[in-house]
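**Student:** Would you mind keeping the following structure in view while I ask a few things?
There are 2 protein chains.
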Amino acid sequence: MTETSAFRTDRYELTMVDAAIQSGTANRECMFEAFARRLPAGRRYGIVAGTGRLLDLIRDFRFGDAELDWLRDNNVVRPPTLDWLADYSFSGNIWGYREGDAYFPGSPLIQVDGTFAECVVLETLILSVLNYDSAVASAAARMVSVSLGRPLAEMGSRRTGEHSAVAAARAAYIAGFASTSNLEAGRSWGIPTMGTAAHSFTLLHDTEEDAFRAQVDAFGASTTLLVDTYNIERGIELAVSVAGTGLGSIRIDSGDLPTVAAAARAQLDSLGAVNTQITVTSDLDEYSIAALSASPVDAFGVGTSLVTGSGAPAAGMVYKLVAHKNAADEWVSVAKTAASKASVGGRKSALRLLDASGTAREEIVMVATDGPAPAPAAHEPSVSGATERSLLVPLMEAGVLDERYLGAAGTRLAREQNAAAMRELPIDAFRLGRGDTVIPTVYR
Amino acid sequence: MTETSAFRTDRYELTMVDAAIQSGTANRECMFEAFARRLPAGRRYGIVAGTGRLLDLIRDFRFGDAELDWLRDNNVVRPPTLDWLADYSFSGNIWGYREGDAYFPGSPLIQVDGTFAECVVLETLILSVLNYDSAVASAAARMVSVSLGRPLAEMGSRRTGEHSAVAAARAAYIAGFASTSNLEAGRSWGIPTMGTAAHSFTLLHDTEEDAFRAQVDAFGASTTLLVDTYNIERGIELAVSVAGTGLGSIRIDSGDLPTVAAAARAQLDSLGAVNTQITVTSDLDEYSIAALSASPVDAFGVGTSLVTGSGAPAAGMVYKLVAHKNAADEWVSVAKTAASKASVGGRKSALRLLDASGTAREEIVMVATDGPAPAPAAHEPSVSGATERSLLVPLMEAGVLDERYLGAAGTRLAREQNAAAMRELPIDAFRLGRGDTVIPTVYR
Chain G
1 MTETSAFRTD RYELTMVDAA IQSGTANREC MFEAFARRLP AGRRYGIVAG TGRLLDLIRD
61 FRFGDAELDW LRDNNVVRPP TLDWLADYSF SGNIWGYREG DAYFPGSPLI QVDGTFAECV
121 VLETLILSVL NYDSAVASAA ARMVSVSLGR PLAEMGSRRT GEHSAVAAAR AAYIAGFAST
181 SNLEAGRSWG IPTMGTAAHS FTLLHDTEED AFRAQVDAFG ASTTLLVDTY NIERGIELAV
241 SVAGTGLGSI RIDSGDLPTV AAAARAQLDS LGAVNTQITV TSDLDEYSIA ALSASPVDAF
301 GVGTSLVTGS GAPAAGMVYK LVAHKNAADE WVSVAKTAAS KASVGGRKSA LRLLDASGTA
361 REEIVMVATD GPAPAPAAHE PSVSGATERS LLVPLMEAGV LDERYLGAAG TRLAREQNAA
421 AMRELPIDAF RLGRGDTVIP TVYR
Chain Y
1 MTETSAFRTD RYELTMVDAA IQSGTANREC MFEAFARRLP AGRRYGIVAG TGRLLDLIRD
61 FRFGDAELDW LRDNNVVRPP TLDWLADYSF SGNIWGYREG DAYFPGSPLI QVDGTFAECV
121 VLETLILSVL NYDSAVASAA ARMVSVSLGR PLAEMGSRRT GEHSAVAAAR AAYIAGFAST
181 SNLEAGRSWG IPTMGTAAHS FTLLHDTEED AFRAQVDAFG ASTTLLVDTY NIERGIELAV
241 SVAGTGLGSI RIDSGDLPTV AAAARAQLDS LGAVNTQITV TSDLDEYSIA ALSASPVDAF
301 GVGTSLVTGS GAPAAGMVYK LVAHKNAADE WVSVAKTAAS KASVGGRKSA LRLLDASGTA
361 REEIVMVATD GPAPAPAAHE PSVSGATERS LLVPLMEAGV LDERYLGAAG TRLAREQNAA
421 AMRELPIDAF RLGRGDTVIP TVYR
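Here is the structure:
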């Protein structure tokens, strides 16, 4: 079945376009904004991810004959709207936070300006991508921050939808993971892939020794042998006897890891395999990784908790109309005012206040009342040595996207941005316990 | 970028094939099984979903030139393995639970038999699809069971990856949801779509009245007006004044819903709009839906909690080798025996014991020690009036899939199966509080 990003959309976006074409408001200039009202409970910062994927999907957001026929057959919209959709191609501007940067409640992560109709139809796609990818990146960053520099591999493809798996691998890599098990993520986004064998490979052979020998014959002694199919102690003994003391690594996927890792290290050392590394992969999350700080673990493989956002599987971002031109062609700031979901209208620009040591102290959101484009923000050092880092960059201008953010190159750029953003965060950001956001959001 | 389901795979599956081709074990006949060791904490039953999607993806699981080139360039596998992958097409058998059926710990949900190599490469794809889709269906079934027959709409596309959104809509429909907001789910799977307008439509217009008038002009008085952009009471008053007492429905997306719904009903009635329905859509889950049992709510829209499995975003299924032929061409049952992740080897068949009233009492898993095909199971009423329902059906035979399970027709079939399975569950299954699985799994 052919699919287009244009149909990964909620029906109401098209019915709104339909009604707005009829009422004459479809072409009003508008600014929409994606932001999170709050972080997931107890989180101190969030990480923006998905932007590079999103730009590609927005470029491909077109309604072909198959889509138009389906909309006509199902009476979703009327003929003038079908004509408008047939010609659709986003021609407005998109500004946004750099992919990989940190964000806080109210950070104006994506700003989309254009006509109402061309902006509103992107709502679902923008949120699907940002909410999932940022949820994974935000969880990944916490895991990386407690790994003490030891490499983390993303191995969660089997615990999330088969396409989300690829996005999750990418988001984890942006947030500092070293590699992924997912082949498509390797191909599409240039992420290093890893993986050698599962328990089924050991079980397939008549003996564990046969299995280890087959694997070492195939990949050499530098491979990783999975030693916990039957009995870990016996597995390690066999692994070293088959591969020799040059065995690259053992993998342990079960048991109480601090105990098991310590015993495995002692056994490997006693067998002379002093350079053989230990990789652990059993239901890890940021808490269990932190609990292995003092353990002789050389690498981690993380699955379920990573790709499900470690308790926060959606980042909670929303996409709201914040300003539009009215019947008199004047810009008007708008916001929902109903209980519990009020938001701040008006176009925004955003700065991160850094103190003289380069540490983030405030997320500054400046609210304007006119014009659609975010004003360039000041960057000057103040008397105190503080600086203000401008957070918004142009991603698409007049429908043309900035190619630097796409593909493997864009993914690497986001990974670098993430590393820089993490260095700016106050040390309190890295406490795993529940707490408030690590810097306040200040509106000016 | 062209993608194939074959690359939504963990690298280790291909390296296992590579080593097994070299060691001569790649063509050993094997049986793999997908099952859940346990249900998510506190859940009493699970719902199988994803099967219809999965069969399509297995049929399309092919390695094209682009994939083979990438594997060669990245030295993932050797030339004999590349040749084997180039010819790959699954030619074995797959048996499984009917999509939409209930499952319990240890239920043999999917059984795959064929050569080691052809079965092992499907691991990630099978688990990605089943784990996500079943997580959503299992959450959806709980919501449906407390909705007292009032329709539920799936509106969570924006809270999960853009492809998972389509799968989530399908899984929710199988578990009894009435409709979805997602257009691709409507097109691909024949699910009724719904949706009219967001707050942005109201905010776009110079007044709320202008917005309501535009919508009623476009869609008639039977439309659903979103009344909580500014003030609900004023919104309802305006809605009825614009649309008349024939207004189809109002939607409320904020506030304390039991209070707000009661006030809205009273106001609508006092305005004479006695047939105008009330739809609520604010951060609902099974608990808040249950809390609205006595409220005058006519329909629910559910987003985040549904598409993220309501606290259990992955169903926890694993895919394990349970039996294979050894060097002497004899069937051997196998299982990992290491701590905390031991499983039951051997091929299985499965029955659900129903008492004389047709209520499920036991999940019976029969373990055999020879042969790959599940034995047909007895179905006879016993003296007590109890029956045993056979749970496994053939999905693919010698690589040919049963077309009845595909597309919109297969989705409807799964929805019917789910309705039947839910009627069999003991009443305790529908308690929302945490508890044990509602029937025990018994091994014979």
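Protein sequence lines, in the order shown, are assigned to chains G and Y. The first sequence: position 283 = 283 (UniProt numbering), numbered continuously. The second sequence: position 190 = 190 (UniProt numbering), numbered continuously. We put the beta carbon where it would ideally sit given N, CA and C, even for glycine.
So residue 522(G) packs on Gly100(G), CB below 8 angstroms; how close in whole Å?
**Tutor:** This structure does not reach residue 522(G), given that chain G is present from 1 up to 444, and the question cannot be answered.
**Student:** Using only the alpha-carbon positions, how far apart do Ala327(Y) and Glu209(G) sit?
**Tutor:** The alpha-carbon atoms of Ala327(Y) and Glu209(G) are separated by roughly 14 angstroms.
**Student:** So what's Leu268(G) in DSSP terms, helix, strand or just coil?
**Tutor:** Here Leu268(G) sits in helix by DSSP.
**Student:** Just to check my reading of the structure: residue 445(G) and Arg37(G) have Cβ atoms closer than 8 angstroms, yes? What is that Cβ distance to the nearest angstrom?
**Tutor:** A query on residue 445(G) cannot be resolved here, the shown segment of chain G reaching from 1 to 444 and no further.
**Student:** Find the residues of chain G that neighbour Gln22(Y), judging by a C-beta separation of less than 8 angstroms, and give them in chain order.
**Tutor:** Simply Ala214, Asp217, Ala218.
**Student:** Rounded to the nearest angstrom, what separates Asp298(G) and Ala312(G) at their Cα positions?
**Tutor:** Their backbone Cα atoms lie some 27 angstroms apart in a straight line.
**Student:** Residues of chain G with CB under 8 angstroms from Gly186(Y), in chain order?
**Tutor:** Result: Arg11, Trp70, Asn74.
**Student:** Should Ile126(Y) be labelled buried (16 or more other beta-carbon atoms within 10 Å of its own) or exposed?
**Tutor:** Ile126(Y) is buried by the Cβ-count criterion.
**Student:** Inspect the CB distances between the segment 2 to 17 of chain G and the segment 55 to 67 of chain G and report whether three or more fall short of 8 angstroms.
**Tutor:** Touching, yes, given that three or more Cβ pairs across the two stretches are closer than 8 angstroms.
**Student:** Against chain Y, does Ala137(G) count as a neighbour if the rule is that its beta carbon must be under 8 angstroms from one of theirs?
**Tutor:** Not closer than 8 angstroms to any Cβ of chain Y, the Cβ of Ala137(G) fails to qualify, so no.
**Student:** Count the other C-beta atoms from every protein chain shown that fall within 10 angstroms of the C-beta of Ser147(Y), then say buried if there are 16 or more, exposed otherwise.
**Tutor:** The residue in question, Ser147(Y), is buried, as its Cβ has 16 or more Cβ neighbours within 10 Å.
**Student:** Mind listing the chain G neighbours of Tyr287(Y)? Cutoff is C-beta to C-beta under 8 angstroms, in chain order.
**Tutor:** Those do not exist, as Tyr287(Y) stays about 16 angstroms from chain G at its closest Cβ, beyond 8 angstroms.
**Student:** Which residues does DSSP pair with Pro394(Y) in a beta bridge?
**Tutor:** Looking at the DSSP assignment, Pro394(Y) forms a beta bridge with Trp95(Y).
**Student:** Among all the DSSP beta bridges, which residues are the ones paired with Cys30(G)?
**Tutor:** In DSSP, Cys30(G) forms a bridge with Gly114(G), His324(G).
**Student:** With 16 as the cutoff for other CB atoms within 10 Å, does Val17(G) come out buried or exposed?
**Tutor:** It counts as buried.
**Student:** Looking only at its own chain, which residues have a Cβ that is under 6 angstroms from the Cβ of Met1(Y), when we skip the five neighbours before and after it?
**Tutor:** With a pLDDT of 41 at Met1(Y), under the threshold of 50, the modelled position of that residue is not reliable, and no figure is offered here.
**Student:** What span of residues does the beta strand (DSSP E) with Ala153(G) cover, start to end?
**Tutor:** Element bounds for Ala153(G): 152 to 154.
**Student:** I need the boundaries of the alpha helix (DSSP H) containing Leu247(G), first residue and last residue.
**Tutor:** Here Leu247(G) belongs to no alpha helix (DSSP H), and DSSP marks it neither H nor E.
**Student:** Cβ atoms of Gly255(Y) and Ala153(Y): under 8 angstroms apart, would you say?
**Tutor:** Contact: no.
**Student:** Counting only beta-carbon separations shorter than 8 angstroms, does Met1(Y) have a partner in chain G?
**Tutor:** Since pLDDT at Met1(Y) reaches only 41, below the 50 mark, its modelled position is unreliable, and no value is offered.
**Student:** Locate the beta strand (DSSP E) running through Met366(Y), then write down its first and last residues.
**Tutor:** Note, Met366(Y): beta strand (DSSP E), 360 to 367.
**Student:** Got a sec: which bits of the segment 182 to 211 of chain Y sit with their beta carbon under 8 angstroms from any beta carbon on chain G, in order along the chain?
**Tutor:** Here the close residues are Asn182, Leu183, Glu184, Gly186, Arg187, Ser188, Thr193, Met194, Gly195, Thr196, Ala197, Ala198, His199, Ser200, Phe201, Leu203, Leu204, His205, Asp206, Asp210.
**Student:** Spatial neighbours of Gly316(G) within its chain, please: C-beta separation below 8 angstroms, excluding the five flanking residues on both sides.
**Tutor:** If we look at Gly316(G) and ignore the five residues flanking it on each side, its Cβ neighbours are Ala36, Arg37, Arg38, Leu39, Pro40, Asn131.
**Student:** Using a Cβ-Cβ cut-off of less than 9 angstroms, list which residues of the segment 143 to 175 of chain G approach chain Y; keep chain order.
**Tutor:** Under the 9 angstroms Cβ criterion, the segment 143 to 175 of chain G contributes Met155, Gly156, Ser157, Arg158, Arg159, Thr160, Gly161, Glu162, His163, Ser164, Ala165, Val166, Ala167, Ala168.
**Student:** Excluding the five sequence neighbours on either side, which residues of its own chain have a C-beta within less than 8 angstroms of the C-beta of residue 464(G), listed in chain order?
**Tutor:** Outside the modelled stretch of chain G, which goes from 1 to 444, sits residue 464(G), for which no answer is possible.
**Student:** With DSSP run on the structure shown, which of helix, strand or coil describes Thr281(G)?
**Tutor:** Coil at Thr281(G), not helix or strand.
**Student:** Assign Asp428(G) to buried or exposed, taking buried as 16 or more other Cβ atoms, counted over all protein chains shown, within 10 Å of its Cβ.
**Tutor:** Result: exposed.
**Student:** Any idea what DSSP makes of Met1(Y), helix, strand or coil?
**Tutor:** Summary for Met1(Y): the model assigns pLDDT 41, below 50, so the residue's position carries little reliability; its value from the coordinates is reported in the next sentence. It is coil, neither helix nor strand.
**Student:** So what's Met16(Y) in DSSP terms, helix, strand or just coil?
**Tutor:** In the structure shown, Met16(Y) sits in a helix (DSSP, three-state: H, G or I).
**Student:** Measure the beta-carbon distance from Ala169(Y) to Ile47(Y) and round it to whole angstroms, keeping in mind my assumption that it falls under 8 angstroms.
**Tutor:** Rounded, the Cβ-Cβ distance is 15 angstroms, inconsistent with contact.
**Student:** Can you confirm whether Met366(Y), when its beta carbon is compared against all beta carbons of chain G, has any partner nearer than 8 angstroms?
**Tutor:** Not one chain G Cβ lies under 8 angstroms of Met366(Y).
**Student:** For a cutoff of 8 angstroms on Cβ pairs, would you count Arg28(G) as touching chain Y?
**Tutor:** With 8 angstroms as the cut-off, Arg28(G) counts as an interface residue toward chain Y.
**Student:** Using 8 angstroms as the limit for Cβ to Cβ distance, is Leu127(G) near chain Y?
**Tutor:** So, interface residue.
**Student:** Give every residue of the same chain whose Cβ lies closer than 8 angstroms to the Cβ of Leu432(G), excluding the five residues on either side of it in the sequence, and list them in chain order.
**Tutor:** Excluding positions up to five away in sequence, the list reads Arg142, Val146, Glu286, Tyr287, Ala290.
**Student:** On a Cα-Cα basis, can you pick out the residue from Gln277(Y), Asp206(Y), Leu183(Y) that is closest to Ala221(Y)?
**Tutor:** It is Gln277(Y) whose Cα lies nearest to the Cα of Ala221(Y).
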